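These notes concern the structure reproduced below.
Chains as they are written, first to last, in my numbering: chain A, 1 to 308; chain B, 1001 to 1368.
Structure (C-alpha cells):
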C-alpha cells in the first residue's frame, strides 16, 4: 500500500472538516479525490503531507507514519498545493533550482523525470514565475514538486483555473508519470476528470461516499437516467418537481438529468406530462450514468437519510 | 549546507529584485540622518527678537549690542510701547521681546538694580526656555563685566564645562538614536515581513513539506539581513563622522561588534514577530507600533529616561534600544571600552538569546 488512511477525523473548532475517513491507495495508482469545494479535500491533503495533525485516526504515506515519521514523508513526498505557491519574483529556472537544492538534489540528476513537462516551459526559463500563464505556472509547479523524485505525489486541485487544453495535457502528463512508478493522489472538483483516474473516492462534507474505479461507480448507478430538454429550462425544473414519478432532476449543461421513482417508466408518459404543461421542443433520451450523476445521487440519498 | 546556501541565495534574489524595498532600505538611513542632523535640532540659531527700550541710555545700548552680536539672536524690530508687544507676537516671527524699564542705567547704579523683562513666545516651550536661558546668560555675563572692578566680598562663580560634547551639538545626540532606530526597523521589520510573506503567498507550505529544518529557514532568513544591516550601519557611521564631525573616541572595532550584536538582537525580534503574525500587514503594524514608538519614546533617544515616571523607567529597561544607545554614546563620545560597557552588552546578548529561543520554540513545523 502506498497510502493507507484509517479513520481519520479532523475538525476546525466546531466545524467538522473530515469525519472518519478510511481508504487505501495502491503503489503506482493514479487516485482521484473527487468532491466539490469545501468537501475537505485540502484538509486531507494537508494531513497526509504532515502539515496538519488529524484529531483521530492514523495514516501512512509510503509506509511512513504521518505523525511519527513526518520527516521521512517530507523528503519522499511531492506536494503541489491548490494555490500557486512558487516564488513569483524568481525565474522559472531559479524556482526549479531552488527546490532541487532544498531537497538535496540537482536538476540534472532527475531531469528525465521532469523532461516531458519542463521542456514545454524551458523556452521561458528566464521569465519570472509571476509572469507565466496559468497553464505554464502549473507545469512549473509540477516540475518543482517532482524534482526530488518523490515516491508519492500529492496534487491539490491542479487543474482549477486552467484552460481545457492545458487540463487535457496535464492529465496526459500524469498518466506518463504514473508509468514511472509514482503514486499520485490528485483532487479535483471536475467530475469529467474523475474518469481519467484508476480509482476514485467521492467526498462531500468531509465524508467519503464511495471508493471504486470510475467504471464500476458508473455501472453501479441504480436507476435509468434520461436527459430531458424543452424550450424553457427553468419552467421544466419547476414542473418536473411537481411530477409524481420524479426521483431527481438536476441541470447538466443545457439538459436536465432525470430519474424516476418508477424504474419501468415509459418515456412517452413523461413526454405526455410535459406536453400537458405546454412545453415545446421536448427531447427525452436514455443515457448512461456519469460520475456526476452518481455523485448527485449519493449526495441526495445522504441528505434524505440525514433528514430521517 | 548546500541546502542552506541555496536558501540564502534565494533570499538575496528576493531582496535584490524588489527595487522599491531596496531603495527604502538604503535611502531611509541617509534621509533620516540628514534630517536629524541638519533640520531637526533643539539648538537655537538666529532667533528673531524685538526690543522695547524705555530708557535708551548707554547701558541698554551696550546690552542690546551684546545680544545682537551673539549668533543666537538677531534683532528684527525696535518697538516703543507695550501694546506693540502683543502685535509682534501675533505676527509669529518674533519669538522674544526684551523690555527695558525706564531710567535703566541710573537705577542700576543708584539703586543697585534695574529690571529687564524677557517675554518669550511659549507656544513652543522648548524654544522659549532656551531663549530665556541664553538671554539670561548674556545678561549675567555683562553684569560680571560691570562688577569686575568692584570688590564684592562673597561671590560664588560657577565654572561650567560641558564634557564629551562641549559645543552641545544636538547631532551628537541624534546620531546614536537614529542609528538605533534604523537598525531596529530595517532588521526587525524586514525579516518579519519576509517570513510572513512566505506564509501569505503559500510558499511556507512548500518549505514546511520540504526537508529543510526550522533552524535552516530561520537562519537563512536572517543572514542576508545581517549583511544589509551591517552595510547600513557603516553608511550611518561614515555619514556621521564625515558630514557631522561626530567623533568616535573609542574603538571602531568595538563599535562594529556592538552594532552586529544589536542587529542580531533586532533580527531575532523580527523573527519572533513573524511567528505570531500571519500576514505581512500585521507584521508591519506590530513592528512599527511595537518597536518604533518604544524605541523613540522610551529609549532615552529624545526624552531623558531619568525624568520619566518610575513605571516607565522600569519598562525602558526591557527595550534593547536603550542599552544600545548607552553603548553607542559610550564608545563614540566618551571613548570607553568594554570594561565599562560589559553590563549593557551582556544585557543585549541575553535579550538576543531569549528572543531566539522564543522564536525557535514558536516556529511551527506544521500549519496550526
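Positions of the beta carbon are idealized from the N, C-alpha and C atoms, including for glycine.
Every value quoted in this text rests on a predicted model; they were computed, and no experiment measured them.
Which residue comes first and which comes last in the beta strand (DSSP E) that contains residue 280 (chain A)?
Within the first chain, numbered from 1, the residue matching residue 280 (chain A) stands at position 280. Premise fails: residue 280 (chain A) is in no beta strand (DSSP E) and is neither H nor E.
Among B:1089, B:1232, B:1074, B:1224, the one whose alpha carbon lies nearest that of residue 1025 (chain B)
As a working mapping, residue 1025 (chain B) is identified with position 25 in the second chain. Considering only alpha carbons, the answer is B:1232.
In three-state terms, what does DSSP make of residue 27 (chain A)?
Taking the first chain and counting its residues from 1, the one referred to as residue 27 (chain A) is at position 27. Three-state DSSP puts residue 27 (chain A) in coil, outside helix and strand.
Looking at the unbroken beta strand (DSSP E) that takes in residue 1294 (chain B), where does it start and where does it end?
Against the second chain, residue 1294 (chain B) aligns to sequence position 294. Segment 1293-1298 is the alpha helix (DSSP H) holding residue 1294 (chain B); no beta strand (DSSP E) there.
Please report the straight-line C-alpha distance between residue 1305 (chain B) and residue 1072 (chain B), rounded to a whole angstrom.
Residue 1305 (chain B) sits at position 305 when you count from the first residue of the second chain. Residue 1072 (chain B) sits at position 72 when you count from the first residue of the second chain. Whole-angstrom Cα-Cα distance: 28 Å.
So with Cβ pairs under 8 Å, would you call residue 1206 (chain B) a contact of chain A?
Mapped onto the second chain, residue 1206 (chain B) falls at position 206. So yes, residue 1206 (chain B) belongs to the interface.
On a Cα-Cα basis, can you pick out the residue from A:304, A:30, A:173 that is closest to residue 119 (chain A)?
Translated into the one-based positions of the first chain, residue 119 (chain A) becomes position 119. Answer by Cα proximity: A:173.
Extent of the continuous beta strand (DSSP E) to which residue 186 (chain A) belongs
One-based indexing of the first chain puts residue 186 (chain A) at position 186. First-last of the beta strand (DSSP E) with residue 186 (chain A): 183-188.
8 Å Cβ cutoff met for residue 154 (chain A) and residue 104 (chain A):
For the purposes of this step, residue 154 (chain A) is taken as residue 154 along the first chain, with counting starting at 1. For the purposes of this step, residue 104 (chain A) is taken as residue 104 along the first chain, with counting starting at 1. No, the Cβ-Cβ distance between residue 154 (chain A) and residue 104 (chain A) is not below 8 Å.
On a CA-only basis, which of A:74, A:98, A:205 is nearest residue 19 (chain A)? Give me that one, please.
Residue numbering aside, residue 19 (chain A) sits at position 19 when the first chain is read from its first letter. When only C-alpha atoms are compared, the closest one is A:205.
Does residue 9 (chain A) have its Cβ less than 8 Å from a Cβ in chain B?
For the purposes of this step, residue 9 (chain A) is identified with residue 9 of the first chain, where counting begins at 1. By this cut-off, residue 9 (chain A) is not an interface position.
Can you give the Cα-Cα distance for residue 976 (chain B) and residue 1164 (chain B), rounded to whole angstroms?
Lying before the first or after the last residue shown, residue 976 (chain B) is absent from chain B, which here runs from 1001 to 1368.
Looking at residue 84 (chain A) and residue 137 (chain A), is the spacing between their C-beta atoms short of 8 Å?
Translated into the one-based positions of the first chain, residue 137 (chain A) becomes position 137. Translated into the one-based positions of the first chain, residue 84 (chain A) becomes position 84. It is a contact, given that the beta carbons lie within the stated cut-off.
Of the choices A:26, A:142, A:220, A:67, whose alpha-carbon is the least far from that of residue 289 (chain A)?
Numbered from its first residue, the first chain carries residue 289 (chain A) at position 289. Of the candidates A:26, A:142, A:220, A:67, the one whose C-alpha sits nearest the C-alpha of residue 289 (chain A) is A:220.
Could you pull the start and end residues of the alpha helix (DSSP H) that residue 214 (chain A) belongs to?
By 1-based counting over the first chain, the position of residue 214 (chain A) is 214. Residues 214-219.
Kindly identify the DSSP beta-bridge partner or partners of residue 248 (chain A).
Locating residue 248 (chain A) in the first chain gives position 248, counting from the first residue. Answer is A:259, bridged to residue 248 (chain A).
Would residue 54 (chain A) and residue 47 (chain A) be called neighbours here (beta carbons separated by less than 8 Å)?
Position 54 of the first chain holds residue 54 (chain A). Position 47 of the first chain holds residue 47 (chain A). In contact: residue 54 (chain A) and residue 47 (chain A) (Cβ atoms closer than 8 Å).
Tell me whether the region 1232-1252 of chain B and the region 1316-1326 of chain B touch, counting them as touching only if at least three CB pairs, one residue from each stretch, are closer than 8 Å.
no
Can you name, in chain order, every residue of its own chain whose Cβ lies under 8 Å from the Cβ of residue 275 (chain A), other than the five neighbours on each side?
Stepping through the first chain from its first residue, residue 275 (chain A) is reached at position 275. Within the same chain, residue 275 (chain A) has close Cβ partners 282.
Please classify residue 199 (chain A): does DSSP put it in a helix, a strand, or coil?
In the first chain, the residue the question calls residue 199 (chain A) occupies position 199. In this structure, residue 199 (chain A) counts as strand in the three-state DSSP scheme.
The region 1188-1196 of chain B in contact with the region 133-148 of chain A per 3-pair CB rule at 8 Å
no
With a threshold of 8 Å on Cβ separation, who are the neighbours of residue 1221 (chain B) within its own chain once the five nearest residues in sequence on each side are excluded?
Residue numbering aside, residue 1221 (chain B) sits at position 221 when the second chain is read from its first letter. Answer for residue 1221 (chain B): 1011, 1191, 1194, 1195, 1271, listed in chain order.
Whether or not the region 1325-1343 of chain B and the region 1174-1183 of chain B are in contact is what I'm after, with contact meaning three or more pairs of Cβ atoms, one per stretch, closer than 8 Å; do they touch?
yes
Does the Cβ-Cβ distance between residue 1229 (chain B) and residue 1187 (chain B) come in under 8 Å?
Your numbering for residue 1229 (chain B) matches position 229 in the second chain. Your numbering for residue 1187 (chain B) matches position 187 in the second chain. Yes, the Cβ-Cβ distance between residue 1229 (chain B) and residue 1187 (chain B) is below 8 Å.
May I ask you to list, following chain order, the residues of the region 111-130 of chain A that have a beta carbon less than 7 Å from some beta carbon of chain B?
none
Positions along the region 157-181 of chain A whose CB lies within less than 7 Å of some CB in chain B
none
One question on the structure: do residue 156 (chain A) and residue 252 (chain A) come within less than 8 Å of each other, judged by their Cβ atoms?
What you label residue 156 (chain A) is simply residue 156 of the first chain in a count that begins at 1. What you label residue 252 (chain A) is simply residue 252 of the first chain in a count that begins at 1. Going by C-beta atoms, residue 156 (chain A) is not nearer than 8 Å to residue 252 (chain A).
Quick test of the definition: if touching needs 3 or more C-beta pairs under 8 Å, does the region 1013-1023 of chain B touch the region 256-268 of chain A?
no
Counterpart residues of residue 207 (chain A) in DSSP-defined beta bridges
Residue numbering aside, residue 207 (chain A) sits at position 207 when the first chain is read from its first letter. Bridge partners of residue 207 (chain A): A:204.
Please confirm if residue 1010 (chain B) has its CB atom under 8 Å from at least one CB of chain C.
As a matter of chain content, chain C is missing from the structure shown, whose protein chains are A and B.
Alpha carbons only, please: which of A:181, A:179, A:196 is nearest the one belonging to residue 187 (chain A)?
For the purposes of this step, residue 187 (chain A) is identified with residue 187 of the first chain, where counting begins at 1. Nearest C-alpha to residue 187 (chain A): A:196.
Closer than 8 Å by beta-carbon distance: list the chain A residues that pair up with residue 1209 (chain B), in chain order.
Position 209 of the second chain, counted from the first residue, corresponds to residue 1209 (chain B). Within chain A, the residues near residue 1209 (chain B) are 49, 50, 51, 74, 77, 79.
Is residue 102 (chain A) closer than 8 Å to residue 1366 (chain B) when the C-beta atoms are compared?
By one-based count along the second chain, residue 1366 (chain B) stands at place 366. By one-based count along the first chain, residue 102 (chain A) stands at place 102. Cβ distance not < 8 Å, so residue 1366 (chain B) and residue 102 (chain A) don't count as in contact.
Would residue 42 (chain A) count as contacting chain B if we go by Cβ distances under 8 Å?
For the purposes of this step, residue 42 (chain A) is taken as the residue at position 42 of the first chain. Not one chain B Cβ lies under 8 Å of residue 42 (chain A).
In the DSSP assignment, find the unbroken alpha helix (DSSP H) run with residue 1254 (chain B) in it and report its ends.
Your numbering for residue 1254 (chain B) matches position 254 in the second chain. Where residue 1254 (chain B) is concerned, the enclosing alpha helix (DSSP H) stretches over 1252-1276.
For residue 152 (chain A) and residue 59 (chain A), I'd like the C-alpha separation in whole angstroms.
In the first chain, residue 152 (chain A) corresponds to position 152, counting from 1. In the first chain, residue 59 (chain A) corresponds to position 59, counting from 1. Each residue's alpha carbon lies about 14 Å from the other.
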